[in-house]
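Undergrad: This is the structure, below, for whatever I ask next.
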Amino acid sequence: MNSCKGKCAAKKGMLSKLNNLFSTSNPAVEKLMNWRQSDEDDTWAEKSVQTLVKKLKNKKGALQELERALTSPGIPTRCVTIRKSSDGRLQISHKKLLPHIISCRIWRWPDLQINSELKPVEYCQYSYSKKLKEICINPYHYERVESNILPPVLVPRYNHFVQGYTPRPYQEPRRNMPQNVVYSENGFSAHSSNSCQTSSGQASSFGSSTPYCGQNSYQTYCAQGNFPTSRTIYEDYTNSDNFPNDQQYLSADLRPVAYQEQQIWCSIAYYEFNFRVGELFTCPSSSIIVDGFTNPNRNSTRFCLGRLSNVKRTPFVEAVRQRIGEGVLLYYGGGKVHLRNLSKSPIFVQSRNLNQQQNFHVSTVCKIPAGYSSPLEIFNNLAFAQELSKCVHYGFDAVYELRKMCTIRLSFVKGWGKEYQRDDITGIPCWIEIHLHGALEWLDRVVKEMGGSADPITSVS
Numbered sequence: 001m002n003s004c005k006g007k008c009a010a011k012k013g014m015l016s017k018l019n020n021l022f023s024t025s026n027p028a029v030e031k032l033m034n035w036r037q038s039d040e041d042d043t044w045a046e047k048s049v050q051t052l053v054k055k056l057k058n059k060k061g062a063l064q065e066l067e068r069a070l071t072s073p074g075i076p077t078r079c080v081t082i083r084k085s086s087d088g089r090l091q092i093s094h095k096k097l098l099p100h101i102i103s104c105r106i107w108r109w110p111d112l113q114i115n116s117e118l119k120p121v122e123y124c125q126y127s128y129s130k131k132l133k134e135i136c137i138n139p140y141h142y143e144r145v146e147s148n149i150l151p152p153v154l155v156p157r158y159n160h161f162v163q164g165y166t167p168r169p170y171q172e173p174r175r176n177m178p179q180n181v182v183y184s185e186n187g188f189s190a191h192s193s194n195s196c197q198t199s200s201g202q203a204s205s206f207g208s209s210t211p212y213c214g215q216n217s218y219q220t221y222c223a224q225g226n227f228p229t230s231r232t233i234y235e236d237y238t239n240s241d242n243f244p245n246d247q248q249y250l251s252a253d254l255r256p257v258a259y260q261e262q263q264i265w266c267s268i269a270y271y272e273f274n275f276r277v278g279e280l281f282t283c284p285s286s287s288i289i290v291d292g293f294t295n296p297n298r299n300s301t302r303f304c305l306g307r308l309s310n311v312k313r314t315p316f317v318e319a320v321r322q323r324i325g326e327g328v329l330l331y332y333g334g335g336k337v338h339l340r341n342l343s344k345s346p347i348f349v350q351s352r353n354l355n356q357q358q359n360f361h362v363s364t365v366c367k368i369p370a371g372y373s374s375p376l377e378i379f380n381n382l383a384f385a386q387e388l389s390k391c392v393h394y395g396f397d398a399v400y401e402l403r404k405m406c407t408i409r410l411s412f413v414k415g416w417g418k419e420y421q422r423d424d425i426t427g428i429p430c431w432i433e434i435h436l437h438g439a440l441e442w443l444d445r446v447v448k449e450m451g452g453s454a455d456p457i458t459s460v461s
């Protein structure tokens, strides 16, 4: 009997420990969890709140001020700060995010991804943008930046397009312009010693200063936040002898074609060399992780390459697949696509939209080293809209060429391009192709409005 009582007591003790393990032990955490957004993952949210509470417990009145902000969102509240870590971020489970992004995701916007989607209120003294030793995590000290509303593309219905025009971002590279670059905390830099030179003769990090290899006036105009109207496009290209004269242009029948957001923002195809493996993966979620693991549940937020089989797979391909690891995070928000390297190996990206914005050659491949996980913008809807609005005035072929801007190629572990052994991505063991549905659908409707090519496809074309 005594033995039975001892076993029962031990069993109750074990159950008590398990209950404590899976329950919120801190009343402050439990209280703050009442205001979380229901769309956020409960387990991740609870761990995040526990971490934030732990960092706030020694700050007098901080928890009370956070509660006040959550219960009275219309009333101005003071900053609620935590000490900034070495890289500014906090790791919660498998996610490593900035602390104010974490608090805003839990209590305001579950779909929030990056800092550029937020702006601090004017009275916030410790906003992340001020780069102080303390960071404000008061979610009501930040506002969501609304997505840029893209103006419709005005499609002309005349037949006198400029002849012999190649869209500007696809011109041949200028002298000394590298076709392989590296992305790091210092921006872009040349992959090799054949770097772009500034006017002073010193090597330049792309994106931080205007390189000698040039930045055209159109890009400068767009960088100032302007969008080209029909008139500015006409004035920008009046140096072309074949451009329709003023009377022809202004009398053209212009049909507006507006951008439409798609329910599935992208689809991803996986390749091993030039052979596509598996089915096309569609991404209804705003973020997607492409990794080398096996996920039998096939949830919509992970594309696990580890579960894909290929009877033609070689040992070399298998060795590269083993190094993909946590892979890459892609997320779409605010009209932009960002990428973050989560792997312990480098990844390589080729995006014509990125190359246009950085004034790189069209085929430039960007290396993102292992261990550097700051986000890189690889597509911008506004930049694409500006180029599409320009190209409609040069006919079907100029617009159709932009389909290549709507596709992004990314390789794992191995790079390709002028500075590598492999010139083409089809020589890479493991790579993916990302198709952007919003831009492709918009392009398709513009092409249909234009009425097709002046040179229809034939058996001899």
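If you're matching positions, the sequence shown starts at 1 in the UniProt record's numbering and goes up one per residue.
Positions of the beta carbon are idealized from the N, C-alpha and C atoms, including for glycine.
What you are looking at is a predicted structure, and each value in this text was computed from that prediction instead of being measured.
Restricting to runs no shorter than 3 residues, where is the beta strand (DSSP E) found entirely within the UniProt domain "MH1" (27-151)?
TA: The qualifying runs are 81-83, 90-92, 95-97, 118-120, 134-136, 142-144.
Undergrad: Do you know whose CA, among V317, S93, A439, lies nearest W431's CA?
TA: Position 431 of the sequence shown, counted from the first residue, corresponds to residue 431. Checked all of V317, S93, A439; the closest Cα to W431 is V317.
Undergrad: Which residue wins for smallest C-alpha separation from V399, given the options I408, L410, E387, R409?
TA: Working through the sequence shown from its first residue, we reach residue 399 at position 399. Ranking I408, L410, E387, R409 by Cα distance to V399 puts E387 first.
Undergrad: Would you report the Cα separation of H94 and D397, rounded to the nearest angstrom?
TA: Sequence index remark: in the sequence shown, residue 94 carries index 94 (1-based). Sequence index remark: in the sequence shown, residue 397 carries index 397 (1-based). Approximately 46 Å, taken between the alpha carbons.
Undergrad: Give the DSSP bridge partners of I408, in chain order.
TA: Against the sequence shown, residue 408 aligns to sequence position 408. For I408, which the question treats as bridged, DSSP gives the partners I434.
Undergrad: Tell me whether L330 counts as near the ligand GTP, meaning its Cβ is closer than 8 Å to at least one heavy atom of that ligand.
TA: This structure lacks the ligand GTP, and indeed carries no ligand of any kind.
Undergrad: Let me make sure I understand the geometry here. Which of W44, E46, L154 has the alpha-carbon closest to that of A385?
TA: Residue mapping note: residue 385 aligns to position 385 of the sequence shown, counting from 1. When each option's Cα is compared against that of A385, the closest is L154.
Undergrad: Hey, could you find the ends of the beta strand (DSSP E) V337 is sitting in?
TA: Translated into the one-based positions of the sequence shown, residue 337 becomes position 337. Start and end: 336-341.
Undergrad: Use the C-beta contact count for D444: other C-beta atoms within 10 angstroms, 16 or more gives buried, fewer gives exposed.
TA: Looking up residue 444 in the sequence shown gives position 444. D444 is exposed by the Cβ-count criterion.
Undergrad: What number of angstroms, rounded off, separates the C-alpha of V320 from the C-alpha of G395?
TA: Numbered from its first residue, the sequence shown carries residue 320 at position 320. Numbered from its first residue, the sequence shown carries residue 395 at position 395. Distance between the alpha carbons of V320 and G395 is about 43 Å.
Undergrad: Taking 8 Å as the threshold, find out whether the region 110-117 comes into contact with the region 60-79 through three or more Cβ pairs.
TA: Cβ pair count under 8 Å is below three, so no.
Undergrad: Taking the alpha helix (DSSP H) that F396 belongs to, which residues open and close that run?
TA: Translated into positions along the sequence shown, residue 396 becomes position 396. Note, F396: alpha helix (DSSP H), 396-400.
Undergrad: Please report the distance separating the alpha-carbon of Q125 from that of V29.
TA: Sequence index remark: in the sequence shown, residue 125 carries index 125 (1-based). Sequence index remark: in the sequence shown, residue 29 carries index 29 (1-based). Those two C-alpha atoms are separated by around 25 Å.
Undergrad: Distance, Cα to Cα, F243 vs K390?
TA: One-based indexing of the sequence shown puts residue 243 at position 243. One-based indexing of the sequence shown puts residue 390 at position 390. Annotation note: pLDDT 41 at F243 (below 50); position unreliable, no value reported.
Undergrad: Give a yes or no on contact between the region 278-285 and the region 337-357, applying the rule of three or more CB pairs nearer than 8 Å.
TA: The region 278-285 vs the region 337-357: no contact.
Undergrad: Taking DSSP's pairing of strands, which residues face G333 in a bridge?
TA: Position 333 of the sequence shown, counting from 1, holds the residue named residue 333. Partner(s): K336.
Undergrad: Could you check the C-alpha separation between S374 and R89 for me, to the nearest Å?
TA: In the sequence shown, residue 374 corresponds to position 374, counting from 1. In the sequence shown, residue 89 corresponds to position 89, counting from 1. Roughly 11 Å between the two C-alpha positions.
Undergrad: Once DSSP output is grouped into helix, strand and coil, what is the label at W442?
TA: Within the sequence shown, numbered from 1, the residue matching residue 442 stands at position 442. Helix.
Undergrad: So, for E441: in the same chain, excluding its five sequence neighbours on each side, which residues have a beta-carbon less than 7 Å away from its beta-carbon?
TA: Locating residue 441 in the sequence shown gives position 441, where the first residue counts as 1. Within the same chain, E441 has close Cβ partners Q260, Q262.
Undergrad: Can you look up A383 in the DSSP assignment and give me helix, strand or coil?
TA: Taking the first residue of the sequence shown as position 1, residue 383 is located at position 383. In the structure shown, A383 sits in a helix (DSSP, three-state: H, G or I).
Undergrad: Would you be able to state if there are at least three C-beta pairs under 8 Å between the region 134-151 and the region 359-378?
TA: With the cut-off at 8 Å, the region 359-378 and the region 134-151 do not touch.
Undergrad: Just the Cα atoms here: how many angstroms apart are C406 and F379?
TA: As a working note, residue 406 is residue 406 in the sequence shown. As a working note, residue 379 is residue 379 in the sequence shown. Cα to Cα, the separation comes out at about 9 Å.
Undergrad: In angstroms with no decimal places, state the Cα-to-Cα distance between I428 and K414.
TA: Position 428 of the sequence shown, counting from 1, holds the residue named residue 428. Position 414 of the sequence shown, counting from 1, holds the residue named residue 414. So the two alpha carbons sit approximately 7 Å from each other.
Undergrad: Could you spell out the range, first to last residue, of the beta strand (DSSP E) harbouring F303?
TA: Within the sequence shown, numbered from 1, the residue matching residue 303 stands at position 303. First-last of the beta strand (DSSP E) with F303: 302-304.
Undergrad: Kindly indicate which residue of T71, A69, I106, K84 has the alpha-carbon position closest to the one of S50.
TA: Against the sequence shown, residue 50 aligns to sequence position 50. Checking the displayed sequence, the identity of residue 50 turns out to be Gln instead of Ser. Closest option to Q50, Cα to Cα, is I106.
Undergrad: Note down the Cα distance separating I264 from K130, rounded to an integer number of angstroms.
TA: Against the sequence shown, residue 264 aligns to sequence position 264. Against the sequence shown, residue 130 aligns to sequence position 130. Taking the straight line from one Cα to the other gives about 36 Å.
Undergrad: Quick one: grab the DSSP three-state call for I268.
TA: If you number the sequence shown from 1, residue 268 lands on position 268. Residue state, collapsed to three classes: strand.
Undergrad: Report the residue from C104, N58, G451 whose alpha carbon sits nearest the alpha carbon of L32.
TA: As a working note, residue 32 is residue 32 in the sequence shown. The residue with the shortest Cα to Cα distance from L32 is C104.
Undergrad: Of all the options W109, F293, R403, which has the alpha carbon lying nearest to the alpha carbon of I434?
TA: Numbered from 1 along the sequence shown, position 434 holds the residue referred to as residue 434. The shortest C-alpha separation from I434 is found at R403.
Undergrad: To the nearest whole angstrom, what separates the beta carbons of H82 and S48, a pair I think is in contact under 8 Å?
TA: The residue you call residue 82 lines up with position 82 of the sequence shown. The residue you call residue 48 lines up with position 48 of the sequence shown. For the sequence presented, residue 82 should be read as Ile rather than His. Not a contact, Cβ separation roughly 12 Å.
Undergrad: Between P284, K119, V53, V290, which lies nearest to Y270 when the distance is taken from Cα to Cα?
TA: Taking the first residue of the sequence shown as position 1, residue 270 is located at position 270. It is V290 whose Cα lies nearest to the Cα of Y270.
Undergrad: Can you name the start and end residues of the beta strand (DSSP E) that F316 belongs to?
TA: For the purposes of this step, residue 316 is taken as residue 316 along the sequence shown, with counting starting at 1. Note, F316: premise wrong, no beta strand (DSSP E); alpha helix (DSSP H) at 315-322.
Undergrad: Taking the C-alpha atoms as reference points, what is the distance between R307 and H393?
TA: Walking along the sequence shown from the start, residue 307 turns up at place 307. Walking along the sequence shown from the start, residue 393 turns up at place 393. So the two alpha carbons sit approximately 46 Å from each other.
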